[in-house]
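Protein chains in written order, with this note's numbering: chain P, 1 to 434; chain G, 435 to 718.
Report on one structure; see the data block that follows.
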Ligand SMILES: Cc1ncc(COP(=O)(O)O)c(C=O)c1O
């Protein structure tokens with residue numbers, strides 16, 4: 001691949017900027033990134049790197065053109081950048097919402113899933129596997145696989161299956177097989193490990209559609225590049241609507257695909273402050289003895305280590321054993337985070353902030369009843385942040401609504417019932433569920 | 435036999451006959467029983483013993499060894515207790531540590547593999563197998579191993595060919611771990627064709643080749659050694675015995691006896707395979 005040519009993956013005026021190219025050559029982001037995987041997977045990863053460079057970066061066979069067209073026709077892109085009137089008034093600054101909840105499937109996840117399933121097709125693969133936490137990535141992958149006529153199997157932690165039943169049903173409706181993972185706490189971390197094991201067995205005909213900017217190179221750069229459409233659109237829409245760039249971009253971070261997608265086109269705009277909102281869970285204190293971190297704040301509280309193919313920031317004990325994370329939102333419930341985010345945080349380019357379960361639930365109810373948008377619990381963390389930190393922000397804030405909350409209604413009833421949540425409706429008639 | 439690397443004990447283990455290389459997860463199901471179990475492998479004829487230091491995310495392991503990892507971690511296994519275990523063991527076979535890179539990296543000052551390797555050398559380990567560390571990321575560990583006179587074993591998969599094979603073979607020492615089939619660890623009832631193909635690809639390299647992944651009986655061992663392997667690595671079939679012991683609540687002694695007797699069977703199988711191979715070579 002020639003490094004001097006602008007690539008077709010970017011809006012042309014952005015393509016030469018260093019922030020959009022980081023990690024493409026060698027998968028390293030300063031000390032983070034790399035390829036820490038079993039040898040059996042390395043040839044597949046080399047094959048994938050080659051396909052990424054040819055199809056995604058160089059648009060060979062018109063891959064990116066087909067991707068963009070399908071994202072528009074099947075996915076419904078572009079998504080709007082909407083001014084939130086009540087929130088703007090409440091926080092006394094302009095608040096804009098990047099509406100990824102309006103993307104087909106109800107979350108930003110389709111940008112990546114459609115890109116990777118299409119790439120698998122170009123590579124001649126015959127089968128798709130993927131992990132899922134909240135079920136959003138699993139649903140997006142199942143939809144993309146049905147759309148592109150590929151057999152698909154999804155690994156999902158047993159605990160998450162119970163928390164996200166509507167999404168499990170959606171995956172099945174789209175013809176995917178859903179395999180429960182019982183190891184550990186039965187959440188995203190175990191689902192990723194199990195999908196890697198499947199892939200290590202079936203690598204010759206199977207592509208692993210990883211669900212976030214995590215894993216070995218080229219996954220972190222490739223997923224970022226597929227998700228970058230969020231910030232490319234938002235940047236142009238902001239200029240068109242306000243005549244200027246935003247002062248701040250706020251996005252929730254689990255593995256970090258929503259965050260990197262929301263930040264990618266702004267990384268080189270030094271005037272734009274970037275805020276990654278992590279799940280603070282119930283507390284930031286960890287229980288070393290039990291190996292439990294009751295949060296998922298790996299950027300904010302994690303330490304450098306190696307997990308699932310990359311060196312990044314992790315929730316781990318002093319020996320290096322990975323901790324069990326926690327969050328009300330299963331999509332943020334992960335002990336690691338994308339290596340590029342770890343790098344951008346160390347560089348001071350991205351500010352990580354942890355927002356706890358209570359504040360996220362309040363954010364959920366506030367957005368629902370003031371703006372008429374029911375957000376995903378993951379997204380709700382960004383609105384918890386806004387309530388707590390609006391004073392620290394500039395005059396034009398873009399918040400990415402990474403997903404809609406329909407999938408979370410059962411959890412929200414249960415969690416709201418446990419607490420006194422400001423702005424929540426009278427819950428008495430829903431206590432048994434809906 | 436082939437030239438090797440830093441450890442004379444590992445080199446010697448592959449001389450004059452096939453090497454039987456058993457694996458157990460240390461601390462499974464508890465520290466004291468685990469000591470007895472490893473010593474039983476030694477009595478059963480182990481030429482090298484791979485000691486697993488459990489990591490919470492064992493992505494290369496199938497259900498059997500995942501179970502061992504959970505039991506051991508629940509029993510409180512840590513890197514320091516692992517090193518204490520190695521010091522306490524009374525065995526003849528040279529010992530190799532099998533673990534994942536994050537534990538190696540975090541040990542000591544938490545800033546690279548050197549502290550772990552230094553400690554490993556101090557307690558008498560001879561080398562490492564690190565399933566999530568491909569050649570591309572291995573140079574810091576390779577350097578530390580050379581500094582302290584230890585070996586670094588790499589895994590060669592059925593999918594490893596061409597440049598990748600070169601890259602691995604230029605960094606490996608001690609022995610090469612030939613992964614018999616794709617997938618994760620776990621006992622199987624047959625020998626995969628890919629094993630023979632892998633051995634053929636490795637023939638020109640002057641390093642002992644030990645085949646692992648799925649070997650569960652003396653007959654397997656025989657066929658694999660007859661097919662050209664210098665050694666056999668057996669993990670899940672042994673861990674299965676430990677797991678059955680836990681389930682059926684067997685005495686430590688009973689489990690140790692079963693480990694010793696399967697070891698004898700595997701070793702005898704390997705020796706039959708070796709005799710057949712030597713005979714075939716002589717009659718040619
Ligand atoms: C709506 C939504 N937002 C955010 C996330 C977090 O993932 P990531 O950090 O990769 O965007 C998820 C994950 O499932 C999600 O469903």
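Note that the Cβ used here is the ideal one computed from N, Cα and C, for glycine as well.
Look at the alpha carbon of residue 157 of chain P and the alpha carbon of residue 323 of chain P, and state the distance between them as a whole number of angstroms.
Counted from its first residue, the first chain places residue 157 of chain P at position 157. Counted from its first residue, the first chain places residue 323 of chain P at position 323. Their Cα atoms are separated by approximately 16 Å.
Going by DSSP in three states, residue 335 of chain P sits in which element: helix, strand or coil?
As a working note, residue 335 of chain P is residue 335 in the first chain. DSSP places residue 335 of chain P in coil when its eight states are reduced to three.
Mind listing the chain G neighbours of residue 201 of chain P? Cutoff is C-beta to C-beta under 8 Å, in chain order.
The residue labelled residue 201 of chain P in the question sits at position 201 within the first chain. Residues of chain G whose Cβ lies closer than 8 Å to the Cβ of residue 201 of chain P are, in chain order, 616, 617, 618.
Do residue 619 of chain G and residue 695 of chain G count as a contact pair if the criterion is CB distance below 9 Å?
If you number the second chain from 1, residue 695 of chain G lands on position 261. If you number the second chain from 1, residue 619 of chain G lands on position 185. Not closer than 9 Å, so no.
Which residues, in chain order, does the region 571 to 602 of chain G contribute to contact with chain P at a C-beta distance below 8 Å?
If the cut-off is 8 Å between Cβ atoms, the region 571 to 602 of chain G has 571, 588, 589, 590, 591, 592, 593, 594, 595, 598, 602 near chain P.
Name the two residues that bound the continuous beta strand (DSSP E) containing residue 179 of chain P.
For the purposes of this step, residue 179 of chain P is taken as residue 179 along the first chain, with counting starting at 1. Counting along the chain, residue 179 of chain P sits inside the beta strand (DSSP E) bounded by residues 177 to 181.
I want to check one thing, is the minimum distance from the CB of residue 445 of chain P to the heavy atoms of ligand 1 below 8 Å?
What is shown of chain P runs 1 to 434, which leaves residue 445 of chain P out entirely.
Partners in chain G for residue 196 of chain P, counting only beta-carbon separations shorter than 7 Å
Within the first chain, numbered from 1, the residue matching residue 196 of chain P stands at position 196. Chain G residues near residue 196 of chain P: 493.
Identify every residue that forms a DSSP beta bridge with residue 29 of chain P.
Mapped onto the first chain, residue 29 of chain P falls at position 29. Among the bridge pairs identified by DSSP, residue 29 of chain P is matched with P:32.
Element boundaries [beta strand (DSSP E), containing residue 400 of chain P]
Along the first chain, read from residue 1 onward, the residue named residue 400 of chain P stands at position 400. Per DSSP, residue 400 of chain P belongs to the beta strand (DSSP E) from 396 to 401.
Under 9 Å between the Cβ atoms of residue 165 of chain P and residue 142 of chain P?
The residue labelled residue 165 of chain P in the question sits at position 165 within the first chain. The residue labelled residue 142 of chain P in the question sits at position 142 within the first chain. With respect to the 9 Å criterion, residue 165 of chain P and residue 142 of chain P are not classified as neighbours on the basis of their beta carbons.
Which residues in chain P have a C-beta closer than 7 Å to the C-beta of residue 490 of chain G? List them in chain order.
Here residue 490 of chain G refers to the residue found at position 56 of the second chain. Those within 7 Å of residue 490 of chain G in chain P are 321, 322.
Given residue 87 of chain P, which residues of its chain have a CB within under 6 Å of its CB, disregarding the five upstream and five downstream residues?
As a working mapping, residue 87 of chain P is identified with position 87 in the first chain. The beta carbon of residue 87 of chain P sits closer than 6 Å to the beta carbons of 95 from its chain, once the five residues preceding and following it are set aside; these are given in chain order.
My guess is that residue 675 of chain G and residue 649 of chain G are in contact by the Cβ rule of under 8 Å, so how many angstroms apart are they, rounded?
What you label residue 675 of chain G is simply residue 241 of the second chain in a count that begins at 1. What you label residue 649 of chain G is simply residue 215 of the second chain in a count that begins at 1. At roughly 14 Å, the Cβ-Cβ gap does not stay under 8 Å, so residue 675 of chain G and residue 649 of chain G are not in contact.
Check whether the region 334 to 349 of chain P and the region 239 to 255 of chain P are in contact - that is, three or more C-beta pairs closer than 8 Å.
With a cut-off of 8 Å, the region 239 to 255 of chain P and the region 334 to 349 of chain P count as touching, because enough Cβ pairs lie within range.
Would you please verify whether the beta carbon of residue 504 of chain G is less than 9 Å from any beta carbon of chain P?
Against the second chain, residue 504 of chain G aligns to sequence position 70. Among the CB atoms of chain P, one or more fall inside 9 Å of the CB of residue 504 of chain G.
Would the beta-carbon of residue 615 of chain G fall within 9 Å of that of residue 628 of chain G?
Here residue 615 of chain G corresponds to residue number 181 of the second chain, with the count starting at 1. Here residue 628 of chain G corresponds to residue number 194 of the second chain, with the count starting at 1. Contact flag set, yes.
What's the call for residue 362 of chain P, buried or exposed, on a 16-neighbour Cβ count within 10 Å?
Stepping through the first chain from its first residue, residue 362 of chain P is reached at position 362. When all chains shown are included, residue 362 of chain P counts as buried.
Identify the contact partners of residue 513 of chain G in chain P, using a Cβ-Cβ distance below 7 Å as the criterion.
Taking the second chain and counting its residues from 1, one reaches residue 513 of chain G at position 79. Going along chain P in sequence order, the residues near residue 513 of chain G (Cβ under 7 Å) are 319.
Between the region 350 to 370 of chain P and the region 229 to 243 of chain P, do three or more beta carbon pairs fall short of 8 Å?
Contact between the region 350 to 370 of chain P and the region 229 to 243 of chain P is absent, because fewer than three Cβ pairs lie under 8 Å.
Using a C-beta cutoff of 9 Å, does residue 19 of chain P count as contacting chain G?
What you label residue 19 of chain P is simply residue 19 of the first chain in a count that begins at 1. False, the Cβ-Cβ gap to chain G never drops below 9 Å.
Three-state secondary structure (DSSP) of residue 281 of chain P
By one-based count along the first chain, residue 281 of chain P stands at place 281. DSSP, reduced to helix, strand and coil, places residue 281 of chain P within a strand of the structure shown.
Please report the Cβ distance between residue 382 of chain P and residue 250 of chain P, rounded to the nearest whole angstrom; I am assuming they are in contact, meaning their Cβ atoms lie under 8 Å.
Counting from 1 along the first chain, the entry for residue 382 of chain P is found at position 382. Counting from 1 along the first chain, the entry for residue 250 of chain P is found at position 250. At roughly 5 Å, the Cβ-Cβ gap stays under 8 Å, so residue 382 of chain P and residue 250 of chain P are in contact.
Would a C-beta distance cut-off of 9 Å place residue 705 of chain G and residue 659 of chain G closer than the cut-off?
If you number the second chain from 1, residue 705 of chain G lands on position 271. If you number the second chain from 1, residue 659 of chain G lands on position 225. Residue 659 of chain G sits close to residue 705 of chain G, with the two beta carbons spaced by under 9 Å.
Pull up the distance between the alpha-carbon of residue 180 of chain P and that of residue 162 of chain P, whole angstroms please.
Against the first chain, residue 180 of chain P aligns to sequence position 180. Against the first chain, residue 162 of chain P aligns to sequence position 162. Whole-angstrom Cα-Cα distance: 10 Å.
In angstroms, rounded to a whole number, what distance separates the CA positions of residue 500 of chain G and residue 410 of chain P?
Locating residue 500 of chain G in the second chain gives position 66, where the first residue counts as 1. Locating residue 410 of chain P in the first chain gives position 410, where the first residue counts as 1. Cα-Cα distance, rounded: 33 Å.
Alpha carbon to alpha carbon, what distance is there between residue 167 of chain P and residue 134 of chain P?
Position 134 of the first chain, counted from the start, is the residue given in the question as residue 134 of chain P. Position 167 of the first chain, counted from the start, is the residue given in the question as residue 167 of chain P. Per the coordinates, the alpha-carbon of residue 134 of chain P lies some 8 Å from the alpha-carbon of residue 167 of chain P.
Sorry if obvious, but does the Cβ on residue 134 of chain P come closer than 8 Å to a heavy atom of ligand 1?
Your numbering for residue 134 of chain P matches position 134 in the first chain. The nearest non-hydrogen atom of ligand 1 is less than 8 Å from the C-beta of residue 134 of chain P.
At 7 Å on the CB atoms, spell out the chain G contacts of residue 183 of chain P, in chain order.
Taking the first chain and counting its residues from 1, the one referred to as residue 183 of chain P is at position 183. The contacting residues are 500.
So, using beta-carbon positions, are residue 35 of chain P and residue 342 of chain P closer together than 9 Å?
Here residue 35 of chain P is taken as the residue at index 35 of the first chain, counted from 1. Here residue 342 of chain P is taken as the residue at index 342 of the first chain, counted from 1. Not in contact: residue 35 of chain P and residue 342 of chain P (Cβ atoms no closer than 9 Å).
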